[in-house]
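Here the protein sequences come in this chain order: A and B. Residue 75 is where the first sequence starts when you use the working numbering, and the numbers rise one by one after that. Residue 75 is where the second sequence starts when you use the working numbering, and the numbers rise one by one after that.
2 protein chains.
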Amino acid sequence: MPRLTAGVDLGGTKIQTVLLRDQQVVGSARMLTPQTGADAVIAAIVDSVKASIAAAGARTAGLAAIGVGSPGTIDAEAGSVGHSPNVPGFEGDPVLVGPAISRALGGVEVKLDNDVRVAVLGEWKRGAGRPYHDLLGVFVGTGVGGGLVLGGELREGMGAAGEIGHTIVKDGGRRCGCGRRGCVEAYAGRARIEATARSWDRRGRPTKLFDVMRKRGRDRVTSGAIAEALQRRDEVTIQLVDDAVWALGLALANAQNLLDLEAIIVGGGLGDRLGQPFVQRVERRASRYLHVPERPPRFLPTELGDLSGAVGAAVLAGG
Amino acid sequence: MPRLTAGVDLGGTKIQTVLLRDQQVVGSARMLTPQTGADAVIAAIVDSVKASIAAAGARTAGLAAIGVGSPGTIDAEAGSVGHSPNVPGFEGDPVLVGPAISRALGGVEVKLDNDVRVAVLGEWKRGAGRPYHDLLGVFVGTGVGGGLVLGGELREGMGAAGEIGHTIVKDGGRRCGCGRRGCVEAYAGRARIEATARSWDRRGRPTKLFDVMRKRGRDRVTSGAIAEALQRRDEVTIQLVDDAVWALGLALANAQNLLDLEAIIVGGGLGDRLGQPFVQRVERRASRYLHVPERPPRFLPTELGDLSGAVGAAVLAGG
């Protein structure tokens, strides 16, 4: 009987789960992340694993292992997650997620790792990064995360490698969520794009971005709203996306100059939503700054889209 | 009988050679690089190897292997060097340096690699980098070169990894020798520091730097001249060194944010000359930009100083 492996991508707003059999996604499930605490989140993860098994027409008894990708501080050995400000119940001291999920599912093995690292693992092993052994994955979403594969190994460093989002592209530039100024994330992360648009709006530089947001019934400027405002040729949005392209282009060129990579994969909520044209613009911008422009890396969109993390989590668990 | 290994650091102005026995430098020799062509340079390398053997009171017959670090494009297999604009006779098509040296020294094995890579190898295996398996070596001289050790391996990438000197720290900033603007090298490389001082001087911002240079009987602003002008509190030199500290601090912090290294070693002609106080200033500057400031890399001066390259070349040859 072929081995079944589940992968869970735990986020602040949603839980995405896939079920792999023979390296193929045979079932998946997505649900909103409960906002009522750690126990509810753990129960939701268990439900989502069961739902993805049901979706595949398989049985829980056949499940070999579960991988979980989570934001925050991960202790892979203990199976705990802590200091994850966006996941309700996980903001503080470590919670033993792994053992709890295992108990609820008959003692199945559970592996944990950082959400961005598992997303890079997913794209590397099952997505756009398959042909390469030296690559950088950049996930442009609410923030900007990244992870490196170097010499065919996912790089750990002392635990914090791959923070391309906090490359400073302009000393003294736009304020970032991390408290410093001029990070890539301050220009390309969805949350800072929204904050900058609000600030410009207040200072008399109007934008259609918030009309689009309201029309979509949202109270946040989603990636979809940014894409729509861009299509409507809203000047502020055009400027903000230009700035994001510039910041990503510069930071990725600097990473390339230092690391001489084979490929750079651009994904994440905003990256996936703006898609290939956005990735091409980033590539063109980066090429201006490359020290060896005649041998650039390939710039690629993700292949797995918003499943990169869940698939990577399943790969982590041996799927 | 213990094995003898020679290491040669070939530069545009000097050839530095060391002889290693039991991993210790037991002899060394230094000479000016002939300016009359490839044959003269090869003969000088052979002489310098013989001189270092003589200095150690050893005999040529005991020599097991020679390593050579050179600027330019290296073909390690063929033993050739080409496209090295600063070494007379090596500016154009590849010259078979390795076989020529080997013939002149009784068929001894000769290994070649890039000058910056062997310098990193020297500091990693025999110098300040010994305790680490993840480090960046930065050599601040006429230009700014760098090399990476990641996971206990000297990183090659597609052949051009480690170009920290061409990290862009200010888009549209100072012109660099590479043709782009705002590279680290445009702020911290000796040649661009000199060019900037000349340009400011012409535009009415006087400096003692050129008086110091002439007093020293030189027609170039050497690292020694920069150090002396700094000591004399020359305002332009203070500003230029501040700028170099800023550029290095920002670029090294960005490298750290991406790679999560254990150590950063700062050397090169200017880095070694300005020494520990300069390295500490770079460290303090970098710490402002670190994403995980509570776990910074160690910032270290070189241990081997201007022998990093020659010792590393000997290590390359098995010494």
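Quick reminder that beta carbons are idealized off the backbone N, C-alpha and C, glycines included. Since this is a predicted model, take the numbers as computed values, not measurements.
Step through the CB atoms of chain A and report whether any lies within less than 9 Å of the CB of Y261/B.
With 9 Å as the cut-off, Y261/B does not count as an interface residue toward chain A.
Can you tell me whether DSSP reads T334/B as helix, strand or coil?
The amino acid at residue 334/B is misidentified as Thr; the sequence shows Asp. Three-state result, D334/B: coil.
Answer with yes or no whether the minimum CB distance from N331/A to chain B is below 9 Å.
Judged by the 9 Å Cβ criterion, N331/A is in contact with chain B.
Return the first residue and the last residue of the beta strand (DSSP E) that D187/A is part of.
Per DSSP, D187/A belongs to the beta strand (DSSP E) from 183-188.
When you compare only the Cα positions, how much space is there between A202/A and I238/B?
Cα-Cα distance, rounded: 27 Å.
In terms of DSSP beta bridges, what is I242/B paired with?
In the DSSP output, where bridge partners are listed per residue, I242/B has C257/B.
Does the segment 203-219 of chain B come into contact with the segment 335-349 of chain B, if we say contact requires no fewer than three beta-carbon pairs (one atom in each stretch) closer than 8 Å?
The segment 203-219 of chain B vs the segment 335-349 of chain B: in contact.
For I148/B, collect the residues of the same chain with a Cβ closer than 8 Å to its Cβ; drop the 5 residues on either side in sequence, then sort them by chain order.
Excluding sequence neighbours, I148/B sits near S154, V155, L186, D187, N188.
Among the residues of its own chain, which have a CB less than 6 Å from the CB of R77/B, if the five just before and after it don't count?
Cβ within range, chain order: A138.
Can you list, in chain order, the stretches of the beta strand (DSSP E) that have 3 or more residues and sit fully within the segment 139-182 of chain B?
Runs of the beta strand (DSSP E) inside the segment 139-182 of chain B: 147-149, 154-156.
Closest to Q305/B by C-alpha separation, out of D293/B, V286/B, G323/B, would be which residue?
Among D293/B, V286/B, G323/B, the Cα nearest to that of Q305/B is on V286/B.
So, with DSSP's three-state summary, where would you put A235/A?
In this structure, A235/A counts as coil in the three-state DSSP scheme.
What are the complete beta strand (DSSP E) segments, minimum 3 residues, inside the segment 341-389 of chain A?
Listed in chain order, the complete beta strand (DSSP E) runs (minimum 3 residues) inside the segment 341-389 of chain A are 372-375.
Excluding the 5 residues flanking R249/B on each side, which residues of the same chain have their C-beta closer than 7 Å to its C-beta?
R255, A260.
In or out: R358/A buried (at least 16 other Cβ within 10 Å) or exposed?
By the neighbour-count rule (16 or more Cβ atoms within 10 Å), R358/A is not buried but exposed.
With which residues is M105/A paired in a DSSP beta bridge?
Answer by DSSP bridge pairing, in chain order: I89/A.
Would you mind stating whether S176/A and V161/A have Cβ atoms separated by less than 9 Å?
Taking 9 Å as the Cβ cut-off, S176/A and V161/A do not qualify as a contacting pair.
Could you tell me the boundaries of the beta strand (DSSP E) in which A80/B lies?
It spans 78-84 - the beta strand (DSSP E) in which A80/B sits, taken as one unbroken run.
Compile a chain-ordered list of the residues in the segment 208-238 of chain A whose CB is closer than 8 Å to at least one CB of chain B.
Going along the segment 208-238 of chain A in chain order, one finds D208, G220, L222, L224, G225, E227, R229, E230, G231, M232, G233, A234, A235, G236, E237, I238 with a Cβ nearer than 8 Å to chain B.
For chain A, check one thing: does any of its Cβ atoms lie closer than 9 Å to the Cβ of L195/B?
It does not; no Cβ of chain A falls within 9 Å.
In terms of DSSP beta bridges, what is V223/B paired with?
According to DSSP, which records beta bridges pairwise, V223/B is partnered with L209/B, L228/B.
Name the residues in the segment 159-176 of chain B whose C-beta lies less than 8 Å from a C-beta of chain A; which are they?
Result list empty, no residue passes.
Report yes or no: is there a C-beta of chain B within less than 9 Å of the C-beta of V315/A?
No, V315/A does not count as interfacial toward chain B.
In this structure, does DSSP put Q97/A in helix, strand or coil?
Residue state, collapsed to three classes: coil.
Just checking my contact of G236/A with L332/B at CB under 8 Å: how many whole Å lie between their CB atoms?
Right, the Cβ-Cβ distance comes to about 7 Å (below 8 Å), so this counts as a contact.
Can you name the start and end residues of the alpha helix (DSSP H) that R276/B belongs to?
Start and end: 264-276.
Is any beta-carbon of chain B found at less than 9 Å from that of L324/A?
So, interface residue.
Using a C-beta to C-beta distance shorter than 8 Å, which residues of chain B count as neighbours of T241/A?
Under the 8 Å cutoff, chain B gives N328, N331, L332.
Can you name the residues of chain B whose CB is closer than 7 Å to the CB of H157/A?
Per Cβ cutoff of 7 Å: no residues; H157/A is ~13 Å from chain B at best.
Cβ of L364/A within 9 Å of Cβ of A327/A?
Against a cut-off of 9 Å, the Cβ pair of A327/A and L364/A comes out as a contact.
Could one say the Cβ of D245/B lies closer than 9 Å to chain A's Cβ atoms, at least one of them?
By this cut-off, D245/B is an interface position.
Using the Cβ count rule (16 or more neighbours within 10 Å means buried), how would you classify R264/A?
Per the 10 Å Cβ criterion, buried.
Quick one: grab the DSSP three-state call for R200/B.
Note: R200/B maps to helix in three-state DSSP.
Using a Cβ cut-off of 9 Å (strictly closer), state whether R254/B contacts chain A.
Judged by the 9 Å Cβ criterion, R254/B is in contact with chain A.
Rounded to the nearest angstrom, what separates G58/B and A388/B at their Cα positions?
Not covered by the structure: residue 58/B. The range shown for chain B is 75 to 393.
The ligand MG and D308/B: does the residue's C-beta get closer than 8 Å to at least one heavy atom of that ligand?
As for the ligand MG, it is missing from this structure, which has no ligand bound.
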